[in-house]
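In terms of this note's numbering, the sequence shown is residues 13 to 194. Ideal Cβ placement from N, Cα and C applies to all residues, glycine included. If you're wondering where the values come from, they're calculated on a predicted model, not measured in any experiment.
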Amino acid sequence: MAELEVKGGKKGAPRIDLTPMVDLGFLLITFFMFTTTMSKPKAMEIQMPFKDENMQDEDKSKIKDGTALTLLLSRDHRIYYYNGIGDDPTKPPVIEVTYFKDKDGIRDVLINKKKTVRDLISQGILGATDKATVLIKPDSTSTTGDLISILDEMTINAIPIYAVVDITPVDREFIQKTEAAN
Numbered sequence: 013m014a015e016l017e018v019k020g021g022k023k024g025a026p027r028i029d030l031t032p033m034v035d036l037g038f039l040l041i042t043f044f045m046f047t048t049t050m051s052k053p054k055a056m057e058i059q060m061p062f063k064d065e066n067m068q069d070e071d072k073s074k075i076k077d078g079t080a081l082t083l084l085l086s087r088d089h090r091i092y093y094y095n096g097i098g099d100d101p102t103k104p105p106v107i108e109v110t111y112f113k114d115k116d117g118i119r120d121v122l123i124n125k126k127k128t129v130r131d132l133i134s135q136g137i138l139g140a141t142d143k144a145t146v147l148i149k150p151d152s153t154s155t156t157g158d159l160i161s162i163l164d165e166m167t168i169n170a171i172p173i174y175a176v177v178d179i180t181p182v183d184r185e186f187i188q189k190t191e192a193a194n
């Protein structure tokens, strides 16, 4: 409440007691703390495959060589890639190099792979349910940012099936041979 102090017959200046304002401030702070929702952490949902040591080969899902594209993430933001799975030792795949760039980058490679799979389906070589499948194999020299960027590219290009798998010694050998040739 405001009071007027009068001393010796002069007009007094009003004096305001601010004690109730402190109580009101704490009530408001408490109210907003309880009613505010905190920002939720953003996380990417990853579905991990079921791993069973006793599973038979015919029960495992198979990737057709015509639908597969293998990406090898390496140092200096390099992406080595080849069509197929690369599991035939008599015919090693042709390894090519690209980067995360706008022109002739990994996005163009993914778009071309999707187009190739659509063409193979229209020719009757692949079934109607086959889709482009990308195997992402990060090397120990690649960065986490590269993995996140390639996962973003999968989302941007609407690649329905992709998997992050361990890089094999054969794939590391492919990288070394390609670097030595260049």
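One question on the structure: do residue i and residue j come within less than 9 Å of each other, judged by their Cβ atoms?
i      : j      : result
Lys85  : Ile107 : In the sequence under discussion, the amino acid at residue 85 is Leu, which differs from the Lys named in the question. No, the Cβ-Cβ distance between Leu85 and Ile107 is not below 9 Å.
Ala144 : Pro172 : yes
Ile97  : Ile75  : yes
Gly78  : Val129 : yes
Ile187 : Asp131 : no
Val109 : Ile148 : no
Asp158 : Phe112 : yes
So residue i is in the beta strand (DSSP E); what residue range does that whole segment cover?
i      : result
Thr179 : Contrary to the premise, residue 179 reads as Ile rather than Thr in this sequence. Per DSSP, Ile179 belongs to no beta strand (DSSP E) and is neither H nor E.
Ile28  : 26 to 28
Hey, quick one: how far does the alpha helix (DSSP H) through residue i stretch, first residue to last?
i      : result
Pro32  : 31 to 47
Asp164 : 156 to 168
Exposed or buried, what is residue i when buried is set at 16 or more other beta-carbons lying within 10 Å of its beta-carbon?
i      : result
Tyr94  : buried
Arg90  : buried
Thr82  : buried
Lys115 : exposed
Ile162 : buried
Ala80  : buried
Ile179 : buried
Excluding the 5 residues preceding and the 5 following residue i in the sequence, name in chain order all residues of the same chain whose CB lies nearer than 7 Å to its CB.
i      : result
Ser154 : Leu85, Ser86, Arg87
Thr141 : none
Thr190 : Tyr92, Ile107, Val109
Excluding five sequence neighbours on each side, which residues of the same chain lie with their C-beta closer than 8 Å to the C-beta of residue i?
i      : result
Ile160 : none
Asn169 : Arg119, Leu122, Ile123, Lys126
Return the chain-ordered list of same chain residues with a C-beta closer than 6 Å to the C-beta of residue i, the five sequence neighbours on each side being excluded.
i      : result
Met166 : Tyr174
Asp35  : none
Could you tell me which whole beta strand (DSSP E) segments of length 3 or greater appear in the stretch 60 to 148? Segments of the beta strand (DSSP E) lying fully in the stretch 60 to 148: 80 to 85, 91 to 95, 108 to 110.
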